[in-house]
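Numbering (my numbering), first residue to last: -18 to 236. Even glycine gets a Cβ: it sits at the ideal position worked out from N, Cα and C. Remember, it's a predicted structure, so these values are computed and weren't measured experimentally. Worksheet: the structure to be examined is printed underneath.
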Ligand code: ARG
């Protein structure tokens, strides 16, 4: 009998503990109306990456922090594959995405975008010894792109015409490894990010002559009640010079 009571007590304790654990995730919004959950794909310096201690750093990270401060939220950041970001907004698992994400019309069908905060272009980069100078020279070559990006779609559209093969990877930093180990000949990526790799790793590259991509913006779930306040905070940060300061700190050497 005693054993049975003990057993029941343990059961109650265990289920109480379990309830606490799962409650944290599901009531995070309630307990802290004040938490702003952001998702990113931290493989994209100077916009988002990790420092040596494993902290998130970069332009998007500081911009998100400034917006959260402005609106009185505590910012929580979650890292995932770029290809999963839109889905996590659609499932309303996060409130905002800052990931150097271009505000395309196609994505706008599934998520809301804030006003733009940065404009970039696209570049094809390669090792110095290859030194590809234009699309014609990519015939028969392997061009690497990150899955789910506008570069994936862009490369796919050019592949037939210029006779190259497209290789897709989940993580943008893997593109650099692939390039260094000759598993791809060229990486096709955002120009600001490419400029960083040209500086730091001695790659060379040429601008994509075919596209002009839409600017980067903050993505939110469709119909989010936060879109307006995020836009207001962004406007304020533009007006008071914070945005320029962040651009100066993170992006100026790449432009
Ligand atoms: N701007 C491009 C896009 O929206 C690439 C963004 C990739 N971002 C990242 N954090 N890996 O598709």
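Distance cut-off 7 Å: residue i Cβ against heavy atoms of ligand 1
i           : result
residue 24  : yes
residue 105 : no
residue 171 : yes
residue 131 : yes
residue 83  : yes
residue 127 : yes
residue 176 : no
residue 192 : no
residue 197 : yes
residue 40  : no
residue 90  : no
Identified DSSP bridge partners for residue i
i           : result
residue 140 : In DSSP, residue 140 forms no bridge with anything.
residue 198 : 97
residue 17  : 56
Which of helix, strand or coil DSSP assigns to residue i
i           : result
residue 95  : strand
residue 110 : coil
residue 225 : helix
residue 54  : coil
residue 186 : strand
residue 166 : coil
residue 129 : coil
residue 75  : coil
residue 37  : strand
residue 28  : coil
residue 83  : strand
residue 152 : coil
residue 62  : coil
residue 213 : helix
residue 90  : coil
Closest Cα partner of residue i within the set the options
i           : options               : result
residue 26  : 173, 214 and 83       : 173
residue 124 : 176, 157 and 98       : 157
residue 160 : 183, 233 and 143      : 183
residue 35  : 46, 50 and 59         : 59
residue 16  : 53, 43 and 47         : 53
residue 146 : 155, 130, 167 and 162 : 167
residue 205 : 116, 74 and 57        : 74
residue 24  : 48, 82, 223 and 200   : 82
residue 68  : 129, 144, 133 and 141 : 129
residue 85  : 198, 227, 76 and 230  : 198
residue 64  : 97, 150, 100 and 44   : 150
Residue i classed as buried or exposed, judged by whether at least 16 other C-beta atoms fall within 10 angstroms
i           : result
residue 8   : Because residue 8 carries a pLDDT of 38, less than 50, the predicted location of this residue cannot be relied on, and the following value inherits that uncertainty. Classification of residue 8: exposed, given that the 10 Å Cβ count is below 16.
residue 2   : With a pLDDT of only 44 at residue 2, under the threshold of 50, the placement of this residue in the model should not be trusted, and no figure is reported.
residue 41  : buried
residue 186 : buried
residue 208 : buried
residue 181 : exposed
residue 229 : exposed
Residue i beta carbon near ligand 3 (any heavy atom closer than 7 Å)
i           : result
residue 168 : No copy of ligand 3 occurs in the structure displayed; its ligands are ligand 1 alone.
is_contact[residue i, chain D] using C-beta, thresh 8 Å
i          : result
residue 40 : In summary, chain D is missing from the structure at hand, where a single protein chain is found.
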